[in-house]
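See structure below.
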Amino acid sequence: RSRALGGNAAGTLAEFSQQSRLKEHPGQYPAADAMLANLLADHEASVQSLRGDLPTVMDKYDDAGTNDFLTGLMEKHEKMAWMLRAFVS
22 RSRALGGNAA
32 GTLAEFSQQS
42 RLKEHPGQYP
52 AADAMLANLL
62 ADHEASVQSL
72 RGDLPTVMDK
82 YDDAGTNDFL
92 TGLMEKHEKM
102 AWMLRAFVS
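If you use my numbering, the sequence shown corresponds to residues 22 to 110, in order.
Have a look at this one:
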């Protein structure tokens with residue numbers, strides 16, 4: 022989407038890592054149930070981040086296309102979090 026709007030998209034692993042809102046935990050090898058709990062937490066964090074970005078995209082940039090794209094991503098993360106919550110609990 023960034024390229025479609027005339028910007029530059031991240032293209033290296035270092036750039037992706039630097040711009041990521043979710044952080045890696047190298048050297049940690051949790052049990053399967055903890056992995057699922059961590060995955061759920063990451064999906065929920067993604068939902069919160071995207072929900073916070075939506076007003077900025079519309080109010081500051083007046084960009085309905087990006088807002089729609091982010092809403093779709095948020096809905097996918099919400100659905101996955103819902104499924105993981107059902108499995109974890």
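Glycine residues also receive a C-beta, built at the ideal position from the N, C-alpha and C atoms.
Residue state for P47 is assigned as coil, using DSSP reduced to three classes.
A25 sits exposed, since fewer than 16 C-beta atoms from the chains shown fall within 10 Å of its C-beta. For the pair S41 and A30, the CB atoms are not nearer than the 7 angstroms cut-off.
H64 sits close to A102, with the two beta carbons spaced by under 7 angstroms. Rounded to whole angstroms, the gap between the alpha carbons of K81 and L91 is 15 angstroms.
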